[in-house]
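In mature numbering (1 follows the signal peptide of the UniProt record, and there is no 0), the protein residues as written are -25 to -1, 1 to 233. First the structure, in the form of structure tokens, and then the observations on it.
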């Protein structure tokens, strides 16, 4: 065998092994997702792995690949399936994932601090309408390609990490209807107030200023102040009328007696 033929054979073997490794990783990812989540509707029952060809794996429910010739999962969308449990650690094997949409399920527990180590190429992360708790990890800022970060309608608490403001590619961001508190990072003020609503402890633009009063509260205070001032004025006038009016009447009575 010539040197060039040997080199070509080695290169072909390298790509074959690499392809096999990526297939194995994606299968491990999906197997872990299926086994770690409770699936009351049986939505993932058709996820079988006896056939690991790209044409099979890439046609599983909720799974999308780069293309049918490259068995690399690019998107995992499992919305509204009543899945419960924590975010599966096996997701780390879907290393090329760009979209992870697990919204409208019953997932619980924290958002893993390692999620961006597992999925560094995420462009869209939608975990809305679940029961996730704990804080938003500051490490989520390591998902530097994020365009969409949707964490609304959960039970997340604590503050919004200032590091999230460094995600300058964000086009959509929502944390509404959680239990968050503290000031909103100034870089996120470009999003609408509805994206932060339902968090009684949050403040700062686009919501009310921190340490200040809302317009409604300020209006109430002003109204109470005006009513109080008017009451004091009437009380003072009544006292003046009683005191000076009474003295004047006494003088008139005294004068008539003389």
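For glycine and all other residues, C-beta sits at the position ideal for the given N, C-alpha and C. Please read these numbers as outputs of a predicted model, since none were measured by experiment.
By the neighbour-count criterion, in which a residue is buried when 16 or more other Cβ atoms sit within 10 angstroms of its Cβ, residue 30 is exposed. Taking the C-beta atoms as reference points, residue 118 is found no nearer than 9 Å to residue 135. According to the DSSP assignment, residue 164 belongs to no beta strand (DSSP E), since it is labelled neither H nor E.
Between the region 20 to 34 and the region 63 to 82 there are fewer than three C-beta pairs closer than 8 Å, too few to call the two in contact. Residue 170 carries a helical assignment under DSSP once its states are collapsed to helix, strand and coil. Here residue 81 is not near residue 113, since their CB atoms are 9 Å or more apart. For the beta strand (DSSP E) assignment, the uninterrupted runs of no fewer than 3 residues enclosed by the region 58 to 103 are, from N- to C-terminal side, 74 to 76, 81 to 84 and 99 to 101. The C-alpha of residue 36 lies about 8 Å from the C-alpha of residue 21. Partner residues in the beta bridge of residue 148, as assigned by DSSP, are 124.
Restricting attention to 177, 96, 109 and 72, the CA atom closest to the CA of residue 88 is found in 109. With distances taken between CA atoms, residue 132 lies nearest to 85 out of 39, 85, 122 and 162. Remark: C-beta atoms of residue 78 and residue 106 do not approach each other more closely than 9 Å. By alpha-carbon distance to residue 140, the top candidate from 17, 124, 11 and 173 is 124. At a Cβ-Cβ threshold of 9 Å, residue 53 and residue 8 count as neighbours. Collapsing the DSSP output to three states places residue 48 in a strand.
Here residue 13 is bridged, per DSSP, to 59.
In the displayed model, residue 7 falls within a helix according to three-state DSSP. Relative to residue 166, the option among 47, 11, 147 and 50 whose CA is nearest is 147. Bounds of the alpha helix (DSSP H) holding residue 30 are 29 to 32. Only buried fits residue 151, as 16 or more other CB atoms lie within 10 angstroms of its CB. In this structure, the CA atom of residue 94 is about 5 Å from the CA atom of residue 70.
Shortest Cα-Cα distance from residue 172 to any of 12, 115, 129 and 39 involves 129. The residue among 50, 176, 12 and 72 with its C-alpha nearest the C-alpha of residue 157 is 176. Between residue 2 and the set 15, 38 and 13, the nearest pair of CA atoms involves 38.
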